[in-house]
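Under my numbering, the first residue of the sequence shown is numbered 9, with each subsequent residue one higher. To keep things clear, I will list the structure first and then write my remarks on it.
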Amino acid sequence: MTELHRRTFLIGSLATAGVTLVGAGVANAISYPFTLGVASGEPAADGFVIWTRLAPSPLNADGLGGMSGADVAVEWQVADDQYFTLNLRTGTATAQQAWAHSVHVTLTGLQPGREYWYRFRAAGHISQVGRALTAPAVGTSPALSMLFTSCSHFEAGYFTAYRRMAEEHPDLILHLGDYIYEGGAGSGVRAHQPSAEISSLANYRVRHAQYKRDVDLQAAHAVAPWAVVWDDHEVENNYANLTRADSSPAGDFTARRTAAYKAYYEHMPLRSAQAPSGANLQLYRRLRWGSLATLHLLDTRQYRDDQACGDGTKLCPAADDPARTITGATQESWLVDGLGQRLGTWDLIGQQVFFAQRLAAADGSKSMDSWDGYTANRTRIQNGWQARGNPGPVVLTGDVHRHWAANIMDDYATQHRIIGTELVSTSITSGGDGSATETGTSSLNPHVKFYKNQRGYVRTVTSSTEMRVDFRVVDKVTVRDYPIKTAQSYVIEAGNPGLQAP
Ligand code: FE
Ligand code: CA
9 MTELHRRTFL IGSLATAGVT LVGAGVANAI SYPFTLGVAS GEPAADGFVI WTRLAPSPLN
69 ADGLGGMSGA DVAVEWQVAD DQYFTLNLRT GTATAQQAWA HSVHVTLTGL QPGREYWYRF
129 RAAGHISQVG RALTAPAVGT SPALSMLFTS CSHFEAGYFT AYRRMAEEHP DLILHLGDYI
189 YEGGAGSGVR AHQPSAEISS LANYRVRHAQ YKRDVDLQAA HAVAPWAVVW DDHEVENNYA
249 NLTRADSSPA GDFTARRTAA YKAYYEHMPL RSAQAPSGAN LQLYRRLRWG SLATLHLLDT
309 RQYRDDQACG DGTKLCPAAD DPARTITGAT QESWLVDGLG QRLGTWDLIG QQVFFAQRLA
369 AADGSKSMDS WDGYTANRTR IQNGWQARGN PGPVVLTGDV HRHWAANIMD DYATQHRIIG
429 TELVSTSITS GGDGSATETG TSSLNPHVKF YKNQRGYVRT VTSSTEMRVD FRVVDKVTVR
489 DYPIKTAQSY VIEAGNPGLQ AP
């Protein structure tokens, strides 16, 4: 027996003894608790996070998922194969009521650039099996297959696109925000719970649980590690930092954001180090995928100034005030510094709202909620990466419920030079079925090349020489189980920003 195998065997034996202890007295005292599935996230070269939440009655109005106040020991298992026969590693985490009996286990000591399988056991029950991957080692650049999407409104349609994402078996999935929606029950294909707009911790927990019960979403979480960032609807439509967008429901908005951020953390495969502190949760971060790509994940909600001239699409010179920020000063310098480090061949920026300029009318009207409402902040970041010799990141975006593709320009008025590329994913469901024939590009925005009002996600396959991009769509989400197809493809060359024909 090699040293490694002997050690693994001993760890396994100890954990088995622990499980016997946990099982005694409480086995079957809790009915099946893994109703919300399993997830992995935050892949690193030596590990990743695995997540689950114990919730035998996930929609109970108190948000406690049918659990009592007692702590519960949750055994985790990670193996080299999906049958859990090879190199089994185990350990025990504690699920606490204070965190809605969620567990976030950060695994370390794993091998870079390979697949693993994981599952949980608690109170005599065993969870579904999830697949996760470690990032490749720095110094290596194997190709990355990555999917990204946003805006999954439970009422607007079925999560077929999540199912299709699972079937693609990617290495990594990004969710760029609007993972849940906060509104009350409306008139979609299925109804939100609770039925009123959510604002309390109990209500945010029930809403997250309702989404997580969806089997298509569970399949997408189980197939690959996710890296998640929120947008507005995880708290409230169009909120900005601690400024609420409207007065309904009444109540203290800081308390509401605190509740929403806590419930978000409780339901996402984030590191326990990211657990919120009061109304704050540091979500912006970098993930490295070997020497191939660096993923800069932004938070454009928590630190932003309020929308200039109010929400919506406006002609608003105040949006160009140099003092305005969508990132906050700290995140801005962190991003520019990171883009200057050139840690990998590709710099990918995963973020929420439309980055390139997008004029809505000849008078200069623009969306106040996007980077067009914070133009000086955008200019400083663009100038920052150019000054540091970065050939141009690929910005990955959500929010607008349409597929878009754009070249990022050093000057949008003169269309002088391409300095980056933006890929905007449509929604999983938000906006409903859409229209395959609708047109959206305009001579006002010659750098914007593609528009599609259908639901789906973006598939990327990235090597050290090029990124292949496929905009994936389903024809309907109000009817279950439509197939996926590619509406448009592009290629981006490493070191040569801009969209090219495949
Ligand atoms: Fe949305
Ligand atoms: Ca949004």
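Glycine is no exception: its CB is placed at the ideal position from the N, C-alpha and C atoms.
query	result
Can you give me the C-alpha to C-alpha distance between Arg309 and Met376, rounded to a whole angstrom?	13 Å
Using the C-alpha atoms, what's the distance from Val57 back to Arg139?	12 Å
Quick check on Lys220: does DSSP put it in helix, strand or coil?	helix
Between the C-alpha atoms of Pro51 and Asp371, what's the straight-line distance to the nearest angstrom?	45 Å
Taking the alpha helix (DSSP H) that Leu275 belongs to, which residues open and close that run?	Reading off the sequence, residue 275 comes out as His, not Leu. Residues Phe261 to His275.
Rank Ser299, Leu306 and Gly147 by C-alpha distance to the C-alpha of His183 and give the top, closest one.	Leu306
Can you name, in chain order, every residue of its own chain whose Cβ lies under 6 Å from the Cβ of Ile357, other than the five neighbours on each side?	His304, Pro401 and Val403
Taking the DSSP output, what are the residues bridged to Trp412?	Val432 and Tyr459
Which residues in the same chain have their Cβ closer than 7 Å to the Cβ of Ala151, if we skip the five residues on either side of it in sequence?	Val469, Thr470 and Ser471
Evaluate His424 with the Cβ neighbour count: other Cβ atoms within 10 Å of its Cβ, from every protein chain shown; 16 or more gives buried, anything less gives exposed.	exposed
Is His183 near ligand 2, going by C-beta to nearest heavy atom under 7 Å?	no
DSSP three-state call for Trp238: helix, strand or coil?	coil
Short of 6 Å in beta carbon distance, which residues of its chain neighbour Gln496, apart from the five on each side in sequence? Order them along the chain.	Phe458 and Phe479
Confirm, please, whether the CB-CB distance from Val236 to Tyr189 is below 8 Å.	no
Can you tell me whether Asn504 is buried or exposed? The criterion is at least 16 other CB atoms within 10 Å of its CB, across all chains shown.	exposed
Among Arg172, Tyr124 and Gly194, which residue has its Cα nearest to the Cα of Val481?	Arg172
Give me the DSSP bridge partner(s) of Phe479.	Val466 and Gln496
How is Thr114 classed by DSSP in three states: helix, strand or coil?	strand
Decide yes or no for the touch test of the region 311 to 320 against the region 329 to 340: beta carbon pairs closer than 8 Å, at least 3 of them.	yes
So is Pro454 buried or exposed if we call it buried at 16+ other beta carbons inside 10 Å?	exposed
What span of residues does the beta strand (DSSP E) with Leu72 cover, start to end?	Counting along the chain, Leu72 falls outside any beta strand (DSSP E), and DSSP gives it neither H nor E.
Between Cys159 and ligand 1, is there a pair consisting of the residue's CB and a ligand heavy atom that are separated by less than 7 Å?	yes
What three-state label does DSSP hand Thr383 in the structure shown?	helix
Report the CB separation of Glu340 from Asn288 in whole angstroms; it is logged as a contact under 8 Å.	The pair is not a contact, with the Cβ atoms about 17 Å apart (cut-off 8 Å).
Within 10 angstroms of the Cβ of Ile427, are there 16 or more other Cβ atoms? Answer buried if so, exposed if not.	buried
Quick one: what does DSSP say Gly31 is sitting in, helix, strand or coil?	Unreliable placement is indicated for Gly31, whose pLDDT of 40 sits below 50; the coordinate value is still reported in the next sentence. It is helical.
Which residue's Cα is closest to the Cα of Ser438: Pro120, Thr447 and His411?	His411
Using a Cβ-Cβ cut-off of 6 Å (strictly less than) and excluding sequence neighbours within five positions of Leu29, which residues of its own chain qualify?	Low per-residue confidence applies at Leu29: pLDDT is 35, beneath 50, and the placement is therefore not dependable enough to give any value.
Should Pro491 be labelled buried (16 or more other beta-carbon atoms within 10 Å of its own) or exposed?	exposed
Is it the case that the CB of His109 approaches a heavy atom of ligand 2 more closely than 7 Å?	no
Buried or exposed: where does Val223 fall if 16 or more other Cβ atoms within 10 Å of its Cβ makes it buried?	exposed
Might you give, ordered along the chain, the residues of its own chain that have their beta carbon closer than 7 Å to the beta carbon of Ala326, omitting 5 neighbours on each side?	Ala316 and Cys317
Does ligand 3 have a heavy atom nearer than 7 Å to the CB of His241?	Of the ligands this structure carries, namely ligand 1 and ligand 2, none is ligand 3.
Cutting at 6 Å between CB atoms, please list the residues of its own chain near Tyr124, excluding the five before and the five after it.	Val86 and Ala140
Assign His216 to buried or exposed, taking buried as 16 or more other Cβ atoms, counted over all protein chains shown, within 10 Å of its Cβ.	buried
State the Cα-Cα distance for the pair Ala23 and Gly381, rounded to the nearest angstrom.	Caution applies to Ala23, whose pLDDT of 41 falls short of 50 and renders its modelled position unreliable; the value that the coordinates give is listed next. The straight-line gap from Cα to Cα measures roughly 54 Å.
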